[in-house]
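Numbering-wise (my numbering), the sequence shown opens with residue 80 and increments by one. Positions of the beta carbon are idealized from the N, C-alpha and C atoms, including for glycine. The structure displayed is predicted, hence computed values, not measured ones. What follows is a short report on a single structure.
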Amino acid sequence: MPLIGATIAGLMGRKVGEKGAGYITSICMVLTTTMAWTIFYEVGINNAPTYVKLFTWIDSGLLTVNMGLQYDSLTAIMLIVVTSISTLVHIFSTGYMKGDPHVPRFMSYLSLFTFFMLILVTSDNILQLFIGWEGVGLCSYLLINFWFTRLQANKSAILAMVVNRVGDVAIAIAMFALYITFGTLEFSTIFPIVPYIHETATIMIFGHSIHTMTVIGILILIGAAGKSAQVGLHIWLPSAMEGPTPVSALIHAATMVTAGVFLIIRCSPLLEYAPTALTAIAIAGAITAFMAATIGVVQNDIKKVIAYSTCSQLGYMVFACGISNYAISMFHLMNHAFFKALLFLSAGCVIHAMADEQDMRKLGGLISSLPFTYSMMVIGSLSLMGFPFLTGFYSKDAILEVAYASYTFQGSFGHWLGTISAFFTAFYSFRLLYLTFISDPLSPQSSISHSHESPANMSIPLVILAFGSIFVGWIFRDAIIGPGTSFWLDNGIFVLPHNYNLFEAEFLSPTIKFLPVMLSLLGAFLGFSLYYSASHILVAFKTSPVGRTLYTFFSNKWHWDYIYNSLVAAPIFAWGHDVSYKVLDRGLLEYLGPLGITRLLSSLTLKFSSFQSGLVYNYAFAIFIFSTLFLSSLGSWSFLASHADLLILLPLLFFLAPNKSSV
Numbered sequence: 080m081p082l083i084g085a086t087i088a089g090l091m092g093r094k095v096g097e098k099g100a101g102y103i104t105s106i107c108m109v110l111t112t113t114m115a116w117t118i119f120y121e122v123g124i125n126n127a128p129t130y131v132k133l134f135t136w137i138d139s140g141l142l143t144v145n146m147g148l149q150y151d152s153l154t155a156i157m158l159i160v161v162t163s164i165s166t167l168v169h170i171f172s173t174g175y176m177k178g179d180p181h182v183p184r185f186m187s188y189l190s191l192f193t194f195f196m197l198i199l200v201t202s203d204n205i206l207q208l209f210i211g212w213e214g215v216g217l218c219s220y221l222l223i224n225f226w227f228t229r230l231q232a233n234k235s236a237i238l239a240m241v242v243n244r245v246g247d248v249a250i251a252i253a254m255f256a257l258y259i260t261f262g263t264l265e266f267s268t269i270f271p272i273v274p275y276i277h278e279t280a281t282i283m284i285f286g287h288s289i290h291t292m293t294v295i296g297i298l299i300l301i302g303a304a305g306k307s308a309q310v311g312l313h314i315w316l317p318s319a320m321e322g323p324t325p326v327s328a329l330i331h332a333a334t335m336v337t338a339g340v341f342l343i344i345r346c347s348p349l350l351e352y353a354p355t356a357l358t359a360i361a362i363a364g365a366i367t368a369f370m371a372a373t374i375g376v377v378q379n380d381i382k383k384v385i386a387y388s389t390c391s392q393l394g395y396m397v398f399a400c401g402i403s404n405y406a407i408s409m410f411h412l413m414n415h416a417f418f419k420a421l422l423f424l425s426a427g428c429v430i431h432a433m434a435d436e437q438d439m440r441k442l443g444g445l446i447s448s449l450p451f452t453y454s455m456m457v458i459g460s461l462s463l464m465g466f467p468f469l470t471g472f473y474s475k476d477a478i479l480e481v482a483y484a485s486y487t488f489q490g491s492f493g494h495w496l497g498t499i500s501a502f503f504t505a506f507y508s509f510r511l512l513y514l515t516f517i518s519d520p521l522s523p524q525s526s527i528s529h530s531h532e533s534p535a536n537m538s539i540p541l542v543i544l545a546f547g548s549i550f551v552g553w554i555f556r557d558a559i560i561g562p563g564t565s566f567w568l569d570n571g572i573f574v575l576p577h578n579y580n581l582f583e584a585e586f587l588s589p590t591i592k593f594l595p596v597m598l599s600l601l602g603a604f605l606g607f608s609l610y611y612s613a614s615h616i617l618v619a620f621k622t623s624p625v626g627r628t629l630y631t632f633f634s635n636k637w638h639w640d641y642i643y644n645s646l647v648a649a650p651i652f653a654w655g656h657d658v659s660y661k662v663l664d665r666g667l668l669e670y671l672g673p674l675g676i677t678r679l680l681s682s683l684t685l686k687f688s689s690f691q692s693g694l695v696y697n698y699a700f701a702i703f704i705f706s707t708l709f710l711s712s713l714g715s716w717s718f719l720a721s722h723a724d725l726l727i728l729l730p731l732l733f734f735l736a737p738n739k740s741s742v
């Protein structure tokens, strides 16, 4: 259905027009969402997993790959997340993009993005999954670069594409390793074999024998880091804010950035036998959660604050996978989709009302003119910070509890970094609320006087998302992560018995359980009060040596841009100019290639043209010599062997002599 909508809006956009494209794609998405919730009921609630083989795609030698659909509990959750959020974003976009001359193209891209995401989550083999993986990367490039006349949009789209290529190469290598090890690419064949070969399976890398499951697990981590913006490959995510706000809500809430987390969870039967890879996954996720939370504290662009929040929450999800709590990670993925989409679309309402102004330092005082949007933003922020009994509370605190209860280095490391990150999350959430809605107005009077609430097609999706941000966690908690739940009986997720610690987490001390909530409340209080009544304390801290150093470090994004520019980009550019261009292209290749060949032919042509002296006796002598040699060779082949020196000498003398008549 999304593909049908994308095709009609993309190829017939001029005929159906702006409204027609919006209606068609939105109706297709509503139908898709209805099917997805039906699948969730049948597969997830009634435990009826379904596998559909469509046709044989590749049949070459020992490799056979079928196009097939796999509907298990993991797929069922992803389907309702992807389709529900995408439908609301489609409806919201019909109002947000009103008046843009390219609305049909935009709606087509959104639906195509959803189509590829559905391909990704329903695949029954990793090669078919890779189609969806590459498809969402392509569509993200098109959507980020939707306003292609803007230079910054071009740069951001290219950055997202290049960084994701790093992860894609890792996934491609992981596919090769899977085929070499298992002889197939289908999940249903690979996963049951892993327990029987994981101890003996090795792979040679540069002459060293390495545990195959560990290698594949690390490659999956790199691929997930590129798509889900983990530390090192996270730099594309904030830049992606150059696209329209609905794009940010779709990419950063429900679809592309969650694909990496989904892949890790899908490969849980393999990763459980690669403890080293799990440790690396846990550490990478914990560092990402802390790093992104600290950077978000000092951002001034309203969308970039929420983007770094997304990066931080993805760190929580990846970290939960690293300590073998895939179900809680999936639960947080679902919960996060609702309140993060609510935050992004609410930010879109602010930007829409303020004539595309995104800098929070130029907003302020909007609580009176945008009370509904303010209410939605408060609900989303409270759910994000884990306020008790809202959606985010049920999954975020569960991650921190099982981390502490794992009693391992990576568990303790992630627990404390995640707990500190909860403080920063609450701080920047309430900083955003204060600077945007409560502080003194800093916008031009004309902007404030013309600000107004969004129309119904933009407000209704916010109400639905607000409902999800309040109740989804409470409704689905026992079904998805409750002790003894039957939701995962179809083996959508596999956990080794000694890695399962949900029961231990239920009996932690109250101090550990309440610490994240207390720190969140403290962060919210400081984020509001420091800007409201104690701004002099904030200024004093910023101007102090320690405060200035920290502020510079965080505002420079932990100097990741400098690291990439100095250690990666600069050496590559230098090598490209000094070696590739000067030595290879302009040197070796030119002299052995076009330039060298043309110079050699020109020189030979000049030499041979000098034979044409215009003197009859020169021509007669040449005819006599070569005719004699030819006739002699006909009479005796031995002449050629005995007078080879003459054959070589005479033409050379004729060729080299300065006066041809002297020969």
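Go through its chain and collect everything with a Cβ distance to residue i's Cβ below 7 Å, but skip five positions before and after it.
i: Val144; result: Trp136, Ile137, Asn204, Leu206, Leu264
i: Tyr220; result: Ala236, Ala239, Met240
i: Leu587; result: Glu480, Tyr483, Ala484
i: Met335; result: Val215, Ser219, Lys306
i: Gly465; result: Gly471, Phe472, Lys475, Asp476, Ala501, Pro595, Val596, Ser599
i: Leu208; result: Leu199, Ser202
i: Ser741; result: Its pLDDT being 49, under 50, Ser741 is placed unreliably by the model, and the measurement read from it follows with that caveat. Excluding residues within five positions, none has a Cβ falling inside 7 Å.
Could you have a look at residue i and say whether DSSP puts it in helix, strand or coil?
i: Ser634; result: helix
i: Gly465; result: coil
i: Tyr486; result: coil
i: Lys132; result: strand
i: Ser139; result: strand
i: Glu97; result: helix
i: Ile250; result: helix
i: Leu521; result: coil
i: Tyr352; result: coil
i: Gln378; result: coil
i: Gly493; result: helix
i: Gln207; result: helix
i: Asp435; result: coil
i: Ser741; result: In this prediction, Ser741 has a pLDDT of 49, which is less than 50 and means its spatial position is unreliable; nothing more can be read from the coordinates.
i: Thr324; result: helix
i: Ser288; result: strand
i: Asn233; result: helix
Give a yes or no on whether the C-beta atoms belonging to residue i and residue j are separated by under 8 Å.
i: Pro183; j: Ala100; result: yes
i: Ile301; j: Ala249; result: yes
i: Gly174; j: Ser533; result: yes
i: Ile272; j: Ala256; result: no
i: Ser623; j: Thr504; result: no
i: Ser388; j: Leu463; result: yes
i: Cys346; j: Ile299; result: yes
i: Tyr513; j: Phe607; result: yes
i: Pro520; j: Gly443; result: yes
i: Pro562; j: Phe582; result: yes
i: Phe546; j: Pro325; result: no
i: Val310; j: Ala363; result: yes
i: Cys400; j: Ile446; result: no
Candidates the options: which alpha carbon is nearest residue i's?
i: Glu480; options: Leu422, Asn580, Gly394; result: Asn580
i: Phe492; options: Val457, Gly394, Gly471; result: Gly394
i: Pro81; options: Ser187, Arg93, Ile156; result: Ser187
i: Met456; options: Lys419, Asn644, Thr677; result: Lys419
i: Phe516; options: Pro467, Trp637, Met439; result: Met439
i: Tyr258; options: His577, Gln437, Ile402, Thr291; result: Thr291
i: Met320; options: Met157, Tyr120, Lys234; result: Lys234
i: Trp226; options: Leu575, Leu663, Glu278, Gly322; result: Gly322
i: Ile572; options: Ile559, Glu583, Ala584; result: Ile559
i: Pro128; options: Ser614, Trp567, Ser682, Leu609; result: Trp567
i: Pro467; options: Val397, Leu511, Ser548; result: Ser548
What does a CB cutoff of less than 6 Å around residue i pick up in its chain, not counting 5 residues either side in sequence?
i: Phe502; result: Leu598, Gly602
i: Met91; result: none
i: Gly339; result: Ala303, Lys306, Ser307
i: Ile269; result: Phe261
Which same chain residues end up closer than 8 Å to residue i when comparing Cβ atoms and leaving out the 5 residues on each side of it in sequence?
i: Val245; result: Ile301, Gly305, Leu312
Closer than 8 Å is the cut-off here; do at least three beta carbon pairs connect the segment 404 to 417 with the segment 429 to 445?
no
Stretch-stretch touch, CB-based, cutoff 8 Å, three pairs: the segment 188 to 198 with the segment 152 to 168:
yes
At least three beta-carbon pairs within less than 8 Å, the segment 420 to 436 to the segment 537 to 545:
yes
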